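Residues 303 to 606 in this note's numbering are what the sequence shown lists, from first letter to last. Glycine included, every Cβ here is placed at the ideal spot set by N, Cα and C. This one's a predicted model, so the numbers in the text were calculated from it and none came from an experiment.
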Amino acid sequence: MTLIAIDSLQQDIEHYGDQLDRDGYCIVRGAAPRLLVEKLGDDLRAGFETTPLSRGPFYGDTTRRFHGLLHRSPRTAGFVLDSLIHGLAERILRPWCDMIQLNLTQAIEIEPGGLAQPPHRDQDMWPIHAPGVEYLLNVMWPFSAYTAENGATRVWPGSHRRQDEIFIGIEEAVPAEMEPGDALLFLGSTLHAGGANVTATPRRGMIISYSLGWLKPYELPWLAYPPHVARTLPRDVMGLAGYRAHRPNLGTYEGRCPSVLLDEAQNGPVGAIDMLRPDQEALIADYRSGLVSVDLDPLRTRAG
303 MTLIAIDSLQ QDIEHYGDQL DRDGYCIVRG AAPRLLVEKL GDDLRAGFET TPLSRGPFYG
363 DTTRRFHGLL HRSPRTAGFV LDSLIHGLAE RILRPWCDMI QLNLTQAIEI EPGGLAQPPH
423 RDQDMWPIHA PGVEYLLNVM WPFSAYTAEN GATRVWPGSH RRQDEIFIGI EEAVPAEMEP
483 GDALLFLGST LHAGGANVTA TPRRGMIISY SLGWLKPYEL PWLAYPPHVA RTLPRDVMGL
543 AGYRAHRPNL GTYEGRCPSV LLDEAQNGPV GAIDMLRPDQ EALIADYRSG LVSVDLDPLR
603 TRAG
């Protein structure tokens, strides 16, 4: 990549990042080649044709949803690692974590005749919210045109700044109308809802979302991509999908970074290895050297 291309990418990240900060959502037109999106849709066609309808008042009984898209089509990885999209996820989330993670990959089909989804904020999957902290970034990629008539996702601009309002009037919502190749990005704090499909044909697409690396993800990646599957997929993608420890020492396997499971040669016992941030290692070094002293109450001291 040339310096000009790098500068252009950074300008795009700043441009769309500013829109996300201001409105809680943005649409990137032509984010991916339409042909590539159509090929991915073809790869997932069997999933759409064989997956039973969803159940429940939130999903609705006229939608189909299936996951694990990284092993269903090798093309999915390119969307997960798209430089602009991934750069925006880093900008939004990295201030609050050591690394970001893949929250889910989900294909969605809205059949004709169903009800609109209840308005919601995806961050409400987690019960505790710190003011000003963003927990996830959603990216919706349409496989067919998204229109107001076929159930295009509705978003409430600025709703990420109105957290005390559970519902906001429908007159303030806007349908995210898109063509294949476009991408809708919206924050976990943004009020949104799938629309009702009043046409005669299904609406298909997928959503890829990224979250703070220390949160429990929507889709458990170790079950979606067990080690024997993960070894067949790109390592950088599997790092996002759980095969990388979040410092300090979160999400480990036998006390080590779970990336050890991607090495087929690793068969015997392994010893624990710290996964600490540099500032934590420096603090420990200062403590060991006597630069930092701590008064400990011996009655409170425990072997750890």
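With contact defined as three or more Cβ pairs closer than 8 Å, the stretch 387-399 and the stretch 437-447 are in contact. With distances taken between CA atoms, residue 500 lies nearest to 448 out of 448, 488, 518 and 457.
A Cβ-Cβ separation of about 6 Å places residue 486 in contact with residue 455 under the 8 Å criterion. Within 10 angstroms of the beta-carbon of residue 504 lie 16 or more other beta-carbons, which makes it buried. Its chain contains 311 as the residues whose beta carbon lies nearer than 7 Å to that of residue 385, once the 5 sequence neighbours on both sides are disregarded; these appear in chain order. According to the DSSP secondary-structure assignment, residue 404 is paired through a beta bridge with 512.
The DSSP-derived three-state label of residue 545 is coil. In the structure shown, residue 434 falls within a coil segment according to DSSP collapsed to helix, strand and coil.
Three or more Cβ pairs closer than 8 Å define a contact, and the stretch 404-413 meets that threshold against the stretch 371-381.
Taking 8 Å as the cut-off, the Cβ atoms of residue 495 and residue 418 count as close. Annotation note: the stretch 479-536 contains the following uninterrupted alpha helix (DSSP H) runs of length 4 or greater, listed N- to C-terminal: 523-526 and 529-532. Membership of residue 368 in the beta strand (DSSP E) is indicated by the continuous run 365-369. Residue 318 is not a Cβ neighbour of residue 488, given a cutoff of 8 Å. 8 Å or more divides the Cβ of residue 565 from the Cβ of residue 460. When DSSP states are grouped into helix, strand and coil, residue 441 belongs to the strand group. Under the three-state reduction of DSSP output, residue 397 falls in the helix class. According to the DSSP secondary-structure assignment, residue 477 is paired through a beta bridge with 456. Taking the C-beta atoms as reference points, residue 387 is found no nearer than 8 Å to residue 478.
The beta-carbon distance between residue 336 and residue 483, rounded to whole angstroms, is 4 Å. This is short enough to meet the 8 Å contact definition.
CA-to-CA, the gap between residue 583 and residue 574 works out to about 16 Å.
When secondary structure is reduced to three states using DSSP, residue 558 falls in the strand class. Per DSSP, reduced to three states, the secondary structure at residue 316 is helical. Per DSSP, residue 583 has no beta-bridge partner at all.
A residue is called buried when at least 16 other Cβ atoms come within 10 angstroms of its Cβ; residue 502 does not meet this threshold and is exposed.
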